[in-house]
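These notes concern the structure reproduced below.
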């Protein structure tokens, strides 16, 4: 089994921290002093990374990088809390940045501040928002931003096969970036057919499963099902969530052939059996192993 790779937010930012912070803050002379773990008492998350930065005019300050696979309505309140906790713990001004990776539905408006008013008292937190689907893919190549290379497929103009192959070439020509190939494949699977992704690059699910990106996308089906369960009944909601996670896992691991099992799986009402199938996908080496469970 391949050795698990750290392909989370902190690993990506550490590839070229100065260039990353220059890009997210748009401050050309900013320098990174340190990358620190954002453990705020009860708050400890894979997706947020704190960086100590410095400019002659500002002195030392913190850059809070919050990377979200998909935007969540509670993010403004979280950005307020994370920024305040970081500033309190390290006693430095904080520049919060929210990076959204995949676009939400067209009806969703992504705010750039948290603001509330209660009995004449106003609370407000501004933060910088970067939506990756609005970022030109050429920036990743032209500005030598290795942290953005795995995201090329979801960047503006990066969904073409030629752009994905160019990103793959960048990763394969630098040994320090080779472990990011599964992450590139993961995001390529949102814009290209799975068999094509498997054809042009290594598809190492054993490595990818260790990534917080993969874990988050698998949980989204369950979360959606749980929300539906509030209206339709918890049992049905759990079943729907599990079915969504199973379908995504089968497609990511086995391509179109994996989805051929879904009509049979959708007939299963037993939550425990659905959980067993979802668990088996993580370790199965072939579709026959899944069929045995069915």
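Residue numbers (the numbering used here): 21 to 314. Ideal Cβ positions, reconstructed from N, Cα and C, are used throughout, including at glycine.
In this chain, the beta strand (DSSP E) harbouring residue 118 covers 114 to 122. For residue 34, there is no enclosing beta strand (DSSP E); the enclosing alpha helix (DSSP H) has its first and last residue at 29 to 34.
The beta carbon of residue 35 sits closer than 6 Å to the beta carbons of 166, 167 from its chain, once the five residues preceding and following it are set aside; these are given in chain order. For residue 212, the three-state secondary structure derived from DSSP is coil.
Shown here, residue 136 sits in a strand according to DSSP, grouped into three states.
About 34 Å separates the CB atoms of residue 221 and residue 147; that is not less than 8 Å, and the two are not in contact.
Excluding its 5 nearest sequence neighbours in each direction, residue 44 has C-beta neighbours in its own chain below 6 Å: 117, listed in chain order. Going by DSSP, residue 51 is part of the beta strand (DSSP E) stretching over 51 to 56. Rounded to whole angstroms, the separation of the alpha carbons of residue 309 and residue 55 is 43 Å. When the Cα atoms are used, residue 201 and residue 80 turn out to be separated by approximately 34 Å. Non-local C-beta neighbours of residue 185 in its own chain, meaning closer than 8 Å and more than five positions away in sequence, comprise 220, ordered along the chain.
It is roughly 10 Å from the alpha-carbon of residue 189 to the alpha-carbon of residue 169. CA-CA distance, residue 283 to residue 266, rounds to 12 Å. Sequence-distant partners of residue 298 (beyond 5 residues in either direction) whose C-beta falls short of 7 Å from its own C-beta, in its chain, are 262, 265, 266, 269.
Within the model, the alpha-carbon separation for residue 197 versus residue 290 is close to 43 Å. In the structure shown, residue 295 falls within a helical segment according to DSSP collapsed to helix, strand and coil.
Counting along the chain, residue 44 sits inside the alpha helix (DSSP H) bounded by residues 37 to 45.
Apart from the 5 residues on each side of it in sequence, residue 313 sits with its Cβ closer than 7 Å to the Cβ of 296, 297, 300 in its chain, given in chain order.
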